[in-house]
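There are 2 protein chains.
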Amino acid sequence: MQTFSEENYLKIIYNLDKQGIKKITPTAIAEALDNNPASVIDMLKKLGDKKLLAYEKTKGAKLTPNGKAVAISVIRKHRLWEVFLLEKLGYEWDQVHDIAEQLEHIHYTGLADKLDKFLGFPKYDPHGDPIPSANGEMVSISRIILEEANVGKTYKVVGVKDTSPEFLQYLKKLKIGIGTKITIKEKIPFDNSMVIMIEKNILTTVSKVFSQNLLVHE
Amino acid sequence: MQTFSEENYLKIIYNLDKQGIKKITPTAIAEALDNNPASVIDMLKKLGDKKLLAYEKTKGAKLTPNGKAVAISVIRKHRLWEVFLLEKLGYEWDQVHDIAEQLEHIHYTGLADKLDKFLGFPKYDPHGDPIPSANGEMVSISRIILEEANVGKTYKVVGVKDTSPEFLQYLKKLKIGIGTKITIKEKIPFDNSMVIMIEKNILTTVSKVFSQNLLVHE
DNA sequence: TCATATAATTAGGGATACCTAATAATATAA
DNA sequence: TTATATTATTAGGTATCCCTAATTATATGA
Chain A
11 MQTFSEENYL
21 KIIYNLDKQG
31 IKKITPTAIA
41 EALDNNPASV
51 IDMLKKLGDK
61 KLLAYEKTKG
71 AKLTPNGKAV
81 AISVIRKHRL
91 WEVFLLEKLG
101 YEWDQVHDIA
111 EQLEHIHYTG
121 LADKLDKFLG
131 FPKYDPHGDP
141 IPSANGEMVS
151 ISRIILEEAN
161 VGKTYKVVGV
171 KDTSPEFLQY
181 LKKLKIGIGT
191 KITIKEKIPF
201 DNSMVIMIEK
211 NILTTVSKVF
221 SQNLLVHE
Chain B
11 MQTFSEENYL
21 KIIYNLDKQG
31 IKKITPTAIA
41 EALDNNPASV
51 IDMLKKLGDK
61 KLLAYEKTKG
71 AKLTPNGKAV
81 AISVIRKHRL
91 WEVFLLEKLG
101 YEWDQVHDIA
111 EQLEHIHYTG
121 LADKLDKFLG
131 FPKYDPHGDP
141 IPSANGEMVS
151 ISRIILEEAN
161 VGKTYKVVGV
171 KDTSPEFLQY
181 LKKLKIGIGT
191 KITIKEKIPF
201 DNSMVIMIEK
211 NILTTVSKVF
221 SQNLLVHE
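For the record, the sequence lines run as chains A and B. In short: position in the first sequence from 1, add 10, done, that's the numbering used here. In short: position in the second sequence from 1, add 10, done, that's the numbering used here.
Here it is in structure tokens:
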């Protein structure tokens, strides 16, 4: 049984790894958790003692199979609760993340599975992220960031990298959600912004930061 | 904003008061929380500083209006989550309490109200306890403990005082739930046990401890 | 290469919330 | 009333998880 804090570390390390970061350093973790590298090192020692990860200065932090399983179960709960909050309680896209951050740490035998069943075994959460199954498996479709999309082609929005209310509210304002079709009209080399067309309708220009946080699929 | 622990203290003190205990002492609180009187005194000081309660050796602990409001909001969430777990997720009577103990501390604007609406504004939780409304009001029907019931009369089960899995499982075994009709057949003066008839069907003898923890209504 | 910047680590603390053991205060009972 | 038991309280300590500041190690660049 892990504490809330331990679970958050495992989850963050799992996510950093998924993002393709080769060496997961104390500084990177501290940045992701918005806390101090010194605190991170304390916790890495603790999680190392518990055999949930291995940390070496040269290789960074690596989750053990055990640590990975814990991280995935937390992520599973997080994403299931997000679906619940959006579909059943009527919360908005940009609010579900923060509540799920709390709910993901509630433990009880079968809770995730019963919730999963109640929700009809959803495959994706409201942000387009796949929900791990009870045995920890996750479907994965090929997703690219909008920045890598090609001019002239049309893509479907399948997810977001940044789940902050600021970004999600901005998307809502632009009427962009999971499933929205986006056509790349032009790329501006000067500042890497892009001109896009939303649902064959609205033309708008989005920044580099924007295009790096929207996940699309051809 | 209170910590989990602070909320648990407020809730317990509220419940002890509801149970009619005139002087809520550190020892009584420690017993209810299964911890140490010394720890309780620490916390009473802290909650006193926060103006959530007043503690005097002679009068015991008394919640301020503020402290009471916090306690009621925690109780509201607890009972709403219990309904959710039982009705929506399919948990059993004896399991919902422990999970709700964790869920009751999740805070987010409107969460309790949205949950309340989703559940169809239930008036009672699975143990027969009234669910406080959004403004902190609680319906209350007259309930007596089975021990005080009269021989020959029939009562309806409306609640339990003890919500432990042990007691609830025993009730399940006896096929007693909220709404079950119980007729008092005989009272045994020797050990204060009672012979009761469940739903005009099964005759059984129950102990004094049992009859002190089942709430009924004529 | 050597200086400088950045990252990792250690040392020492603080807050929370619990504990045990000792002491002080209050009840209870002979 | 006085001895004894029960409660309340204080003192001091532990574990968790965070912090700052100082130090050491590693990169990076002139």
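Don't be surprised by glycine CBs; every beta carbon is placed ideally from N, CA and C. It should be emphasised that the depicted structure is a prediction, and the values quoted were computed from it without experimental measurement.
{"query": "Chain B within 8 Å of residue 108(A), Cβ atoms only", "result": "yes"}
{"query": "Nearest-angstrom Cα separation, counted from residue 121(B) out to residue 193(A)", "result": "37 Å"}
{"query": "Environment of residue 105(B) [buried if 16+ CB atoms lie within 10 Å]", "result": "buried"}
{"query": "Residue from 81(B), 186(B) and 199(B) whose Cα sits closest to the Cα of residue 223(B)", "result": "186(B)"}
{"query": "Residue 63(B) - partner residues in DSSP beta bridges", "result": "73(B)"}
{"query": "Bridge partners - residue 11(B), DSSP secondary structure assignment", "result": "BP columns for residue 11(B) are empty, so no partner."}
{"query": "Under 7 Å by beta carbon: chain B residues contacting residue 100(A)", "result": "124"}
{"query": "For residue 108(A) and residue 119(B), the rounded distance between their alpha carbons", "result": "11 Å"}
{"query": "DSSP-derived helix/strand/coil call for residue 197(A)", "result": "strand"}
{"query": "Beta-carbon gap between residue 181(A) and residue 125(B) smaller than 8 Å", "result": "no"}
{"query": "Terminal residues of the beta strand (DSSP E) in which residue 221(B) lies", "result": "That residue, residue 221(B), is in no beta strand (DSSP E); its alpha helix (DSSP H) goes 218-221."}
{"query": "Helix, strand or coil at residue 146(A) [DSSP, three-state]", "result": "coil"}
{"query": "First and last residue of the uninterrupted alpha helix (DSSP H) at residue 39(B)", "result": "36-43"}
{"query": "Residue 112(A): contacting residues in chain B (beta-carbon distance under 7 Å)", "result": "116"}
{"query": "Beta-carbon contacts of residue 103(A) that lie in its chain and below 8 Å, excluding the five residues immediately before and after", "result": "96, 136, 137, 178, 181, 182 and 187"}
{"query": "Burial state of residue 212(A), where buried means 16 or more other Cβ atoms lie within 10 Å", "result": "exposed"}
{"query": "Beta-carbon contacts of residue 159(A) that lie in its chain and below 7 Å, excluding the five residues immediately before and after", "result": "165, 194 and 226"}
{"query": "Reduced DSSP category for residue 191(A) - H, G, I as helix; E, B as strand; rest coil", "result": "strand"}
{"query": "Alpha-carbon to alpha-carbon, residue 162(A) and residue 221(A)", "result": "16 Å"}
{"query": "DSSP-derived helix/strand/coil call for residue 169(B)", "result": "strand"}
{"query": "Check whether residue 206(B) and residue 219(B) have beta carbons under 8 Å apart", "result": "no"}
{"query": "Limits of the unbroken alpha helix (DSSP H) element including residue 184(B)", "result": "Element bounds for residue 184(B): n/a, residue is neither H nor E."}
{"query": "Those residues which DSSP pairs with residue 134(B) across a bridge", "result": "140(B)"}
{"query": "Supposed contact pair residue 74(A) and residue 63(A) - C-beta distance, whole angstroms, cut 8 Å", "result": "6 Å"}
{"query": "Buried or exposed by the 16-neighbour rule on C-beta atoms within 10 Å, applied to residue 68(A)", "result": "exposed"}
{"query": "Own chain partners of residue 65(A) with C-beta closer than 6 Å, once the 5 adjacent residues on each side are dropped", "result": "54, 58 and 71"}
{"query": "Contacts that residue 90(B) makes with chain A (C-beta to C-beta distance below 9 Å)", "result": "Chain A residues near residue 90(B): none, gap ~11 Å exceeds 9 Å."}
{"query": "C-alpha gap between residue 196(B) and residue 170(B), whole angstroms", "result": "21 Å"}
{"query": "8 Å Cβ cutoff met for residue 26(A) and residue 38(A)", "result": "yes"}
{"query": "Paired residues, beta bridge with residue 49(A) - DSSP", "result": "Residue 49(A) is not bridged to any residue."}
{"query": "Status (buried if at least 16 other CB within 10 Å, exposed otherwise) for residue 17(B)", "result": "buried"}
{"query": "Length of the line joining the Cα atoms of residue 156(B) and residue 50(B)", "result": "33 Å"}
{"query": "Residue 116(A) beta carbon less than 8 Å from that of residue 21(A)", "result": "no"}
{"query": "Supposed close pair residue 81(B), residue 24(B) - CB separation, criterion 8 Å", "result": "4 Å"}
{"query": "Listed by chain order, chain B residues near residue 128(A) by CB distance under 9 Å", "result": "98, 99 and 100"}
{"query": "Contact list for residue 62(B) against chain A, beta-carbon separation under 8 Å", "result": "Within 8 Å Cβ-Cβ: nothing; residue 62(B) doesn't reach chain A, min ~22 Å."}
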